[in-house]
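Participant:
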Amino acid sequence: MASSDSANVSEAVPGMPASPCAMVIFGAAGDLTKRKLMPAIYNLAKSRLLPEQFAIVGVSIEPFSTDDFRKKMTDDIREFSIEGIDMSRWDWFAQRLYYLSGDFQDPVLYKKLGETLAQVEKEQGTQGNCLFYLATSPVFFPIVVEQLGAAKLTRQEGPKWKRVVIEKPFGHDLASAVALNHALGHVLEEKQIYRIDHYLGKETVQNLLAFRFANGIFEPVWNRRYVDHVQVTVAEELGVELRGGYYETAGALRDMVPNHIFQLITLSAMEPPISFEADAVHDEQTKILRAIQPLSPERVLDQAVRGQYGEGAMDGKHVPAYRSEPHVAPDSQTPTYVAMALHIDNWRWAGVPFYLRTGKRMTERITQVVIRFRRPPLVLFRNTSVEQIPPNELVINIQPNEGISLSFEAKIPGPVVRLGAVNMDFQYSDYFGTTPSTGYETLLYDCMLGDPTLFQRADMVEAGWAVVQPILDVWKALPPRDFPNYSAGTWGPQQADELLHREGREWRDPTRAGGPHHATGESAGRSGERA
Ligand code: BG6
Numbered sequence: 001m002a003s004s005d006s007a008n009v010s011e012a013v014p015g016m017p018a019s020p021c022a023m024v025i026f027g028a029a030g031d032l033t034k035r036k037l038m039p040a041i042y043n044l045a046k047s048r049l050l051p052e053q054f055a056i057v058g059v060s061i062e063p064f065s066t067d068d069f070r071k072k073m074t075d076d077i078r079e080f081s082i083e084g085i086d087m088s089r090w091d092w093f094a095q096r097l098y099y100l101s102g103d104f105q106d107p108v109l110y111k112k113l114g115e116t117l118a119q120v121e122k123e124q125g126t127q128g129n130c131l132f133y134l135a136t137s138p139v140f141f142p143i144v145v146e147q148l149g150a151a152k153l154t155r156q157e158g159p160k161w162k163r164v165v166i167e168k169p170f171g172h173d174l175a176s177a178v179a180l181n182h183a184l185g186h187v188l189e190e191k192q193i194y195r196i197d198h199y200l201g202k203e204t205v206q207n208l209l210a211f212r213f214a215n216g217i218f219e220p221v222w223n224r225r226y227v228d229h230v231q232v233t234v235a236e237e238l239g240v241e242l243r244g245g246y247y248e249t250a251g252a253l254r255d256m257v258p259n260h261i262f263q264l265i266t267l268s269a270m271e272p273p274i275s276f277e278a279d280a281v282h283d284e285q286t287k288i289l290r291a292i293q294p295l296s297p298e299r300v301l302d303q304a305v306r307g308q309y310g311e312g313a314m315d316g317k318h319v320p321a322y323r324s325e326p327h328v329a330p331d332s333q334t335p336t337y338v339a340m341a342l343h344i345d346n347w348r349w350a351g352v353p354f355y356l357r358t359g360k361r362m363t364e365r366i367t368q369v370v371i372r373f374r375r376p377p378l379v380l381f382r383n384t385s386v387e388q389i390p391p392n393e394l395v396i397n398i399q400p401n402e403g404i405s406l407s408f409e410a411k412i413p414g415p416v417v418r419l420g421a422v423n424m425d426f427q428y429s430d431y432f433g434t435t436p437s438t439g440y441e442t443l444l445y446d447c448m449l450g451d452p453t454l455f456q457r458a459d460m461v462e463a464g465w466a467v468v469q470p471i472l473d474v475w476k477a478l479p480p481r482d483f484p485n486y487s488a489g490t491w492g493p494q495q496a497d498e499l500l501h502r503e504g505r506e507w508r509d510p511t512r513a514g515g516p517h518h519a520t521g522e523s524a525g526r527s528g529e530r531a
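So, in structure tokens, the structure goes:
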């Protein structure tokens with residue numbers, strides 16, 4: 001994946017420290033900064049991927065001094081770093097932390113920021129390169145960007161680059177996403193905008209590209225001739241925790257589908273890009289989103305399922321219903337679960353349904369993509385006891401047990417013809433060990449290198465919202481009448497099972513080690529005479 005930002009390209013060498021830069025974090029006193037950003041930047045420092053000429057300027061409304069900020073970050077890193085802290089490395093890092101207090105809407109803050117950046121450039125040699133990270137509520141995205149523009153802080157001169165990172169939600173529907181892109185585009189070039197989807201920081205999600213395009217044997221069968229259907233499951237064990245305030249305005253569809261799940265679907269379904277340049281990859285991803293059959297209101301009713309968890313038991317403990325969670329209305333109609341069938345209208349996938357589901361408070365935390373192949377003809381086994389041959393299945397486990405397994409049928413040893421499902425399993429940890437990571441390291445490093453491949457382009461975001469907009473519209477017009485409709489600790493509402501049963505299929509039990517649902521028992525269970 002190579003850089004496509006023209007500024008400073010020559011200095012961006014993957015695997016080497018990034019080019020000198022300052023990183024400005026808006027929302028530096030918040031949760032994202034202490035839980036993810038600081039531990040990730042510290043990990044980059046430990047891996048020697050940060051430049052020596054580096055600085056962080058934290059910005060927030062809190063009236064800290066730079067010393068207070070350094071102390072707070074030191075306390076926070078002790079709590080949130082994934083591994084122990086190497087204090088000498090941390091001291092190097094802490095000396096590069098600066099702080100500025102102010103109101104994001106106040107032009108004075110940006111004047112002071114300009115002065116601080118000039119000071120930082122002098123003290124730390126950051127060479128005028130700057131990464132602005134908006135770890136703020138999304139309402140501030142257009143405001144901060146507008147103010148940065150007005151203060152001329154986003155102007156790129158000569159080799160000096162200025163980039164802005166924002167994190168989902170990118171709007172709450174199609175119209176607001178278009179408006180946000182417009183507001184950003186008013187100040188920034190598209191190449192300066194890095195829209196983070198933290199799913200793309202997961203190694204296994206990135207591996208979808210390597211798996212498909214670095215191997216010759218899978219692509220030939222990766223299409224409608226051989227694939228019966230695809231399932232994507234993103235199941236969470238956690239409930240809404242303390243995020244009820246946000247979640248009430250979002251719900252499972254907005255929170256997970258146009259972003260994380262569409263990343264999984266586009267990477268699984270797209271055509272081979274002509275290169276790993278960001279635009280080439282994004283073009284192919286966008287084509288998939290645009291090829292998804294638009295959902296008419298009737299099809300929304302038929303092909304999209306929503307759910308909300310009621311009380312239940314998890315790990316033997318009682319857990320409350322969504323409606324009893326903090327900051328959630330007692331009659332809330334917000335979905336915490338969504339499932340749907342999508343069809344991609346192109347030559348590769350015509351007629352192959354993509355089923356997706358995601359929910360909170362499900363049986364287990366598991367994210368996987370399942371490619372279910374077509375069954376072979378039974379001809380060869382006509383006069384044996386084998387009545388049905390289960391289909392082969394390729395399971396790509398994104399988390400938590402990262403790996404890939406392929407199930408296939410084998411003859412069970414013995415004088416009669418019996419088949420049993422077996423697996424070829426690849427576990428990431430067996431081959432590559434595990435590197436503790438927050439998931440933000442690669443993404444932040446790529447921003448510094450100027451490689452937007454793992455980020456979302458404006459048109460991708462809009463194409464994603466365009467797919468889910470009909471569902472948002474129908475669900476808004478027809479409030480659910482059966483919420484809560486699944487118990488915490490289960491795999492979701494019954495309607496989601498019916499969605500597949502109607503088409504003669506069923507969800508794969510994600511906890512099963514490998515092999516299709518009814519494989520071993522049915523085909524291997526009975527004895528039969530050899531013909
Ligand atoms: C976030 C959603 O984007 O992704 C959360 O807002 C969700 O609701 C989270 O829990 C899931 O991420 P992960 O990495 O735990 O699968």
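Just so you know, the sequence shown maps onto residues 1 to 531 in the numbering used here. Glycine is no exception: its CB is placed at the ideal position from the N, C-alpha and C atoms.
(1) So for Tyr440, helix, strand or coil by DSSP?
(2) Indicate, with yes or no, if the ligand BG6 has a heavy atom lying under 6 Å from the CB of Asp345.
(3) For Gly158, is the classification buried or exposed, using 16 other Cβ atoms within 10 angstroms of its Cβ as the cut-off for buried?
(4) Give the secondary structure of Glu529 by DSSP, where H, G and I count as helix, E and B as strand, and everything else as coil.
(5) Alpha carbon to alpha carbon, what distance is there between Gly239 and Glu62?
(6) Any chance the region 289-296 sits against the region 340-348, with 3 or more Cβ pairs inside 8 Å?
(7) For Asp425, which residues does DSSP report across the bridge?
(8) Which residues in the same chain have their Cβ closer than 8 Å to the Cβ of Leu100, if we skip the five residues on either side of it in sequence?
(9) Output the distance between the C-alpha atoms of Lys36 and Ala135, rounded to the nearest integer angstrom.
(10) At 4 residues or longer, and completely inside the region 55-91: list those alpha helix (DSSP H) runs for me, N to C.
(11) From this set, Ser407, Leu209, Asp255 and Tyr194, which residue's C-alpha is nearest Val281's C-alpha?
(12) Could you tell me which of Glu248, Asp331, Val319 and Thr266 sits nearest to Gln456, measuring between CA atoms?
(13) Please report the distance separating the alpha-carbon of Asp459 from that of Gly201.
(14) Quick one: which unbroken alpha helix (DSSP H) runs of 4-plus residues sit fully inside the region 93-144? Chain order, please.
(15) Return the chain-ordered list of same chain residues with a C-beta closer than 6 Å to the C-beta of Tyr247, the five sequence neighbours on each side being excluded.
(16) Applying the criterion that 16 or more other CB atoms from any shown protein chain within 10 Å of the CB defines a buried residue, is Ser19 buried or exposed?
(17) Given the structure, does Asp68 come close to the ligand BG6, in the sense that its CB is under 6 Å from one of the ligand's heavy atoms?
(18) Asp430 to Ala421, Cα distance in whole Å?
(19) Do Asp255 and the ligand BG6 come close, with the Cβ less than 6 Å from some heavy atom?
(20) With H, G and I counted as helix, E and B as strand and the rest as coil, what does DSSP make of His327?
(21) To the nearest angstrom, report how far apart Asp103 and Pro142 are at their CA atoms.
(22) Which residue marks the beginning of the beta strand (DSSP E) containing Met340, and which one marks its end?
(23) Hey, could you find the ends of the beta strand (DSSP E) Glu462 is sitting in?
(24) Considering Cα atoms alone, identify which of Trp507, Glu402, Ser176 and Leu454 is closest to Ile567.
Facilitator: The answer reads as follows:
(1) Mapped onto the sequence shown, residue 440 falls at position 440. Note: Tyr440 maps to coil in three-state DSSP.
(2) By one-based count along the sequence shown, residue 345 stands at place 345. For the ligand BG6, not one heavy atom lies less than 6 Å from the Cβ of Asp345.
(3) Working through the sequence shown from its first residue, we reach residue 158 at position 158. With fewer than 16 other Cβ atoms within 10 Å, it is exposed.
(4) If you number the sequence shown from 1, residue 529 lands on position 529. For Glu529, the predicted model reports a pLDDT of 28, less than 50, meaning its position is unreliable; a value from the coordinates is still stated below. Looking at Glu529 - three-state DSSP - the assignment turns out to be coil, as it is neither helix nor strand.
(5) Working through the sequence shown from its first residue, we reach residue 62 at position 62. Working through the sequence shown from its first residue, we reach residue 239 at position 239. The alpha-carbon atoms of Glu62 and Gly239 are separated by roughly 30 Å.
(6) yes
(7) The residue labelled residue 425 in the question sits at position 425 within the sequence shown. In the DSSP output, where bridge partners are listed per residue, Asp425 has Ser405.
(8) Here residue 100 corresponds to residue number 100 of the sequence shown, with the count starting at 1. Only Val57, Gly58, Val59, Leu109, Lys112, Leu113 and Thr116 meet the Cβ criterion.
(9) One-based indexing of the sequence shown puts residue 36 at position 36. One-based indexing of the sequence shown puts residue 135 at position 135. Spanning the two alpha carbons is a distance of roughly 10 Å.
(10) 66-80
(11) Within the sequence shown, the letter at position 281 stands for residue 281. When only C-alpha atoms are compared, the closest one is Leu209.
(12) Position 456 of the sequence shown, counted from the first residue, corresponds to residue 456. The option with the nearest alpha carbon to Gln456 is Thr266.
(13) For the purposes of this step, residue 459 is taken as residue 459 along the sequence shown, with counting starting at 1. For the purposes of this step, residue 201 is taken as residue 201 along the sequence shown, with counting starting at 1. Taking the straight line from one Cα to the other gives about 20 Å.
(14) 107-124
(15) Stepping through the sequence shown from its first residue, residue 247 is reached at position 247. Correct list, in chain order: Val240.
(16) Position 19 of the sequence shown, counting from 1, holds the residue named residue 19. Buried.
(17) Position 68 of the sequence shown holds residue 68. Checking the Cβ of Asp68 against the ligand BG6 gives no.
(18) The count along the sequence shown starts at 1 and reaches residue 430 at position 430. The count along the sequence shown starts at 1 and reaches residue 421 at position 421. For Asp430 and Ala421, the distance between alpha carbons rounds to 23 Å.
(19) By one-based count along the sequence shown, residue 255 stands at place 255. Yes, the beta carbon of Asp255 sits closer than 6 Å to at least one heavy atom of the ligand BG6.
(20) For the purposes of this step, residue 327 is taken as residue 327 along the sequence shown, with counting starting at 1. Residue state, collapsed to three classes: coil.
(21) Start at 1 with the first residue of the sequence shown, and residue 103 comes out as number 103. Start at 1 with the first residue of the sequence shown, and residue 142 comes out as number 142. Taking the straight line joining both Cα atoms gives about 14 Å.
(22) Position 340 of the sequence shown, counted from the first residue, corresponds to residue 340. Tyr337 to His343 is the span of the beta strand (DSSP E), which, as asked, contains Met340.
(23) Translated into the one-based positions of the sequence shown, residue 462 becomes position 462. Per DSSP, Glu462 belongs to no beta strand (DSSP E); it is in the alpha helix (DSSP H), Ala458 to Ala477.
(24) The question about residue 567 has no answer here: the residues shown for the chain are numbered 1 through 531.
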